[in-house]
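Okay, structure first, notes after.
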Amino acid sequence: MLSNRKRSHRKRKKEIWKQLRLLVFAIGLILLFIIIDSVMVSTIPYFKFPSKELQDNKRRLIQEEIGNIMYGRLLSLASSSLTKNNTAAGQFSFLEESAGQTIEWTPCADKPNNADQGQEKKHNGYILVSANGGLNQQRVAVCNAVAIASLLNATLVLPKFLYSSVWKDTSQFGDIYQEEYFLDYLKYDVNIVKELPPHLQAIDVEAIGSQITDMEIMKEAMPSYYIEAILPILQRNGIVHFLGFGNRLGFDPLPPHLQRLRCKCNFHALKFVPKIQKLGSMLVQRIRKHKSKLTEIDKQLFGKYTPNYELAIRNRNLNRPVKYLALHMRFEVDMVAYSLCDFGGGQRERQELQMYREEHFPTLITRIQNISIYPEELRVSGKCPLTPEEAALMLSALGYTSDTYIYLAGSHIYGGLSRLQPFMQLFPNVVTKEDLLSPEELEPFKNFSSQLAALDFIACASSDVFAMTDTGSQLSSLVTGYRIYHGQGQATTLRPNKKRFARILTEHADIDWGEFQKRVQNMIEENQGVTPRGRGRSVYRLPRTPGCMCKTR
Numbered sequence: 047m048l049s050n051r052k053r054s055h056r057k058r059k060k061e062i063w064k065q066l067r068l069l070v071f072a073i074g075l076i077l078l079f080i081i082i083d084s085v086m087v088s089t090i091p092y093f094k095f096p097s098k099e100l101q102d103n104k105r106r107l108i109q110e111e112i113g114n115i116m117y118g119r120l121l122s123l124a125s126s127s128l129t130k131n132n133t134a135a136g137q138f139s140f141l142e143e144s145a146g147q148t149i150e151w152t153p154c155a156d157k158p159n160n161a162d163q164g165q166e167k168k169h170n171g172y173i174l175v176s177a178n179g180g181l182n183q184q185r186v187a188v189c190n191a192v193a194i195a196s197l198l199n200a201t202l203v204l205p206k207f208l209y210s211s212v213w214k215d216t217s218q219f220g221d222i223y224q225e226e227y228f229l230d231y232l233k234y235d236v237n238i239v240k241e242l243p244p245h246l247q248a249i250d251v252e253a254i255g256s257q258i259t260d261m262e263i264m265k266e267a268m269p270s271y272y273i274e275a276i277l278p279i280l281q282r283n284g285i286v287h288f289l290g291f292g293n294r295l296g297f298d299p300l301p302p303h304l305q306r307l308r309c310k311c312n313f314h315a316l317k318f319v320p321k322i323q324k325l326g327s328m329l330v331q332r333i334r335k336h337k338s339k340l341t342e343i344d345k346q347l348f349g350k351y352t353p354n355y356e357l358a359i360r361n362r363n364l365n366r367p368v369k370y371l372a373l374h375m376r377f378e379v380d381m382v383a384y385s386l387c388d389f390g391g392g393q394r395e396r397q398e399l400q401m402y403r404e405e406h407f408p409t410l411i412t413r414i415q416n417i418s419i420y421p422e423e424l425r426v427s428g429k430c431p432l433t434p435e436e437a438a439l440m441l442s443a444l445g446y447t448s449d450t451y452i453y454l455a456g457s458h459i460y461g462g463l464s465r466l467q468p469f470m471q472l473f474p475n476v477v478t479k480e481d482l483l484s485p486e487e488l489e490p491f492k493n494f495s496s497q498l499a500a501l502d503f504i505a506c507a508s509s510d511v512f513a514m515t516d517t518g519s520q521l522s523s524l525v526t527g528y529r530i531y532h533g534q535g536q537a538t539t540l541r542p543n544k545k546r547f548a549r550i551l552t553e554h555a556d557i558d559w560g561e562f563q564k565r566v567q568n569m570i571e572e573n574q575g576v577t578p579r580g581r582g583r584s585v586y587r588l589p590r591t592p593g594c595m596c597k598t599r
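Under the numbering used here, the first residue of the sequence shown carries the number 47, and numbering increases by one thereafter.
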């Protein structure tokens, strides 16, 4: 009996050990799978595809927010139209520039400068430039400075970027653009050095009267001003410092070789540093989800870091949209407040914007204190920034459907999720660089707003379609010009006429959707024509001009 009990006990003990070994083996196997999975995941580029749960949560949050709806009836009509036409294809071929017209213009700013060949000129001194503003304002300032240095036969010291309390970015030229490439590309056009010679470094330029502030130079000054007012100072002291330099060189009349030099600087000499090129390439690769032929724009933007679309295909499933629209939605609080317009937010919004104006725009407050302001007149005159709601109506009228993949560029939208509500209800597939890049990938760019803005520039310039809500913004202007210059007529850009659009929207209570679509499409089509740059217009935005682009027939 005792013997039987012992045998039974040993048998149970053996069974328990067997189960324990199986359990340990199973746990080990699970851990091994976890380790292998982690290694595999780490080799795949980071991408936060919105899961169904995430999309549902986003829609729920949007619906819970109380938006400032201004055109409820039109939004309802747009929503119905999108539901009916959601399977429609081909919207990305809509409103492309005429290929027959665009091939008449080809980039030629990189051609050698023959204007001064064989001429010996006296060297007049050194020009220092401290550029203000953000990334795009500074880009314009750099290329204007290059042209002025050539005009005055001076040596340009590599421009410095001023710290701004608005942008809060300490980045300098070499943190954003490739210094050596810039110096080498322009070496036959203008003398550029990294720093002043030792004998000039200790000079107090302000004390000797060689510091010229932005306030002392009229906006878009003519070359004659620099020859008459600046050249004598330069020749006398051997140095001039332009402090807070920005948009201070006009476009007409300007000698063709200087116009060409500005274009050569903007479209060829300024290349983003590898750090920005590499992450920008990764960003575009994650936006695009299809095998795509590399464009001339891609080659210019990314250099050796051109996106590997075939790798993107292998690493991800193919059941995704194939092209994307980039939208620069210019609706930050500073612009909204400065416009003096009404955006449907009631008394609370008006008080909030007035407080912002009093704190940040005291000069504006002084200027308007004895003037009657009528927001409705400002809107009909086209002086109000488009709201996200108006942007959604415009894109809907142009035939873009709710599955359109949209990259949203720009800073914080005034009103946040509440203000974006009508846009995201019509176009839920909206992403930003923060959605597409991991926190670890963005960490080196943290607190550097100009470097982050460079990523937006890249995503907008490389897009299949680029749309804007404000044709006057520097980002929109520079991206538009870049796409015209390098796009070979294939880079569609949508530019609204705010005045015409505002007048169409005054009929929002009665107009039917078909008529609304027709009028919005006509508005955009009129801006799609291939026309040369008009007198006084920016070559950075409209490069079809002698010296910048050449007409081939």
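Built from N, CA and C at the ideal position, the CB exists for glycine as well.
Where does the unbroken beta strand (DSSP E) through residue i begin, and where does it stop?
| i | result |
| --- | --- |
| CYS596 | 595-597 |
| THR409 | It is not in any beta strand (DSSP E) - THR409 instead sits in the alpha helix (DSSP H) that spans 408-414. |
| HIS374 | 370-374 |
| ILE530 | Not the beta strand (DSSP E): ILE530 falls in the alpha helix (DSSP H), residues 520-532. |
| TYR453 | 451-455 |
For residue i, count neighbouring Cβ atoms within 10 angstroms of its own Cβ and tell me buried if that reaches 16, exposed if not.
| i | result |
| --- | --- |
| MET261 | exposed |
| ILE115 | exposed |
| ILE322 | buried |
| LYS479 | buried |
| LYS545 | exposed |
| HIS637 | Missing from the structure shown is residue 637; the chain here goes from 47 to 599 and no further. |
| ASP230 | exposed |
| GLN397 | exposed |
| GLY171 | buried |
| TYR234 | exposed |
| ASN568 | exposed |
| GLY146 | Residue confidence for GLY146 is low, a pLDDT of 47 falling below 50, so the modelled location carries little weight; the figure read from the coordinates is stated next. Under this definition GLY146 is an exposed residue. |
| SER523 | buried |
| GLU436 | buried |
Which residue's Cα is closest to the Cα of residue i: the options?
| i | options | result |
| --- | --- | --- |
| ASP481 | TRP151, GLU436, THR259, ILE333 | ILE333 |
| SER464 | LEU524, LEU441, GLY390 | GLY390 |
| GLN305 | SER327, ILE279, MET268 | MET268 |
| THR450 | ILE173, GLN281, ALA513, MET401 | ALA513 |
| VAL330 | ASP388, ASP502, SER418, THR433 | ASP502 |
| ALA195 | SER385, LEU488, ILE285 | ILE285 |
| ARG403 | MET328, MET381, TYR446, PHE297 | MET381 |
| LEU28 | PRO244, ALA193, ILE570 | As displayed, the chain neither begins before 47 nor continues past 599, which places residue 28 out of reach and without an answer. |
| ILE173 | THR152, CYS154, ASN199 | ASN199 |
| ARG529 | THR201, ALA438, THR152, LEU123 | THR152 |
| ASP510 | PHE291, LYS335, LYS240, ILE263 | LYS335 |
| ILE238 | PHE228, PRO592, LYS310, PRO244 | PHE228 |
| LYS167 | ILE343, ASP298, LEU347, LEU197 | LEU197 |
| ASN493 | MET328, GLY580, SER217 | SER217 |
| GLY180 | PHE407, ALA275, PHE207, LEU325 | PHE207 |
| GLU489 | LEU325, GLU572, PRO158 | LEU325 |
On the DSSP letters alone, give me the boundaries of the alpha helix (DSSP H) that residue i sits inside.
| i | result |
| --- | --- |
| LEU280 | 277-283 |
| PRO485 | 485-488 |
| ILE343 | 342-348 |
| LEU482 | 479-482 |
| SER442 | 434-443 |
| MET328 | 320-333 |
| VAL382 | 379-385 |
| GLY220 | 219-222 |
| HIS303 | 302-310 |
| PRO468 | 462-472 |
| ALA315 | Careful: ALA315 lies outside any alpha helix (DSSP H) and carries neither H nor E. |
| SER496 | 495-507 |
| VAL426 | 421-426 |
| PHE389 | PHE389 -> no alpha helix (DSSP H), and no H or E assigned at all. |
Could one say the Cβ of residue i lies closer than 8 Å to chain B's Cβ atoms, at least one of them?
| i | result |
| --- | --- |
| ARG334 | The structure shown has no chain B; it contains just one protein chain. |
Give me the DSSP bridge partner(s) of residue i.
| i | result |
| --- | --- |
| LEU120 | BP columns for LEU120 are empty, so no partner. |
| ILE238 | LEU202 |
| ILE173 | LEU202, VAL286 |
| PRO153 | MET595 |
| VAL186 | Answer is none; VAL186 lacks a bridge partner. |
| MET514 | HIS374 |
| PHE291 | ALA177 |
| PHE207 | ALA177 |
| VAL476 | ILE452 |
Any heavy atom of the ligand PLP inside 7 Å of the beta-carbon of residue i?
| i | result |
| --- | --- |
| GLY428 | The ligand PLP is not part of this structure, which contains no ligands at all. |
Go through the stretch 537-583 residue by residue and report every complete run of the beta strand (DSSP E) that reaches 3 residues or more, in order. Counting only runs of 3 or more, we get 538-540.
Alpha helix (DSSP H) runs wholly inside the stretch 241-266, at least 4 long, in chain order: Here the runs fully enclosed are 244-247.
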